[in-house]
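What follows is one structure encoded as C-alpha cells, with my remarks underneath.
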Amino acid sequence: MLSKIRLILWLFILLIAGYFVAMNNISVTVNLVPGYQTVPLPLSIIILMSIIVGAILAILIAIGDWIKFKIEISRLKKQLEICEKEKESLKMNSLKESEQLYKSKEMQESR
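Numbering (UniProt numbering) for the sequence shown: 1 to 111.
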C-alpha cells in the first residue's frame, strides 16, 4: 500500500515538473560575474540547476553537522563509560564500608 502511495506521489511530482518545464521554456542568459554570461538556456533548466546546486550545498553542510554529532556521540559514550565505572566503584566502596560497620558492631556487641 505504501509503495502505491509513493508511486502516485512521484507521478504527481513528475506531472508538476512537466507542467513547470512547459510553462517556463523561455530562453534566458544569466550574468554570473560582470562580463560573463551563460549561453541562452530555458528558464526551467536554470531554475532546476539552481535547485540542484542548493541541494548539493545543503547536503555538504548537513554532512559537516553529521560528522560533528558523531564525534559528540562518541565523546559522550566514553564519558558515560567512565561514569558507569565510577558508579560501580562507589557501590563497591559503599558495600565494603557497610560490611566493616556491621563487623565492628558485632564485635562491640559480643564484648
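C-beta atoms are modelled at their ideal positions from N, C-alpha and C, and glycine is treated no differently.
Query	Result
Closer than 9 Å to chain B by CB, I63	The structure shown contains no chain B; it is built from a single protein chain.
Cβ-based neighbour list, N25, same chain, cut-off 8 Å, excluding 5 preceding and 5 following	P42, L43 and S44
N-terminal and C-terminal residue of the beta strand (DSSP E) that N31 is part of	N31 to V33
Nearest-angstrom Cβ-Cβ length linking V30 and Q37, presumed shorter than 8 Å	7 Å
Bounding residues of the alpha helix (DSSP H) (the contiguous stretch that carries residue 117)	Missing from the structure shown is residue 117; the chain here goes from 1 to 111 and no further.
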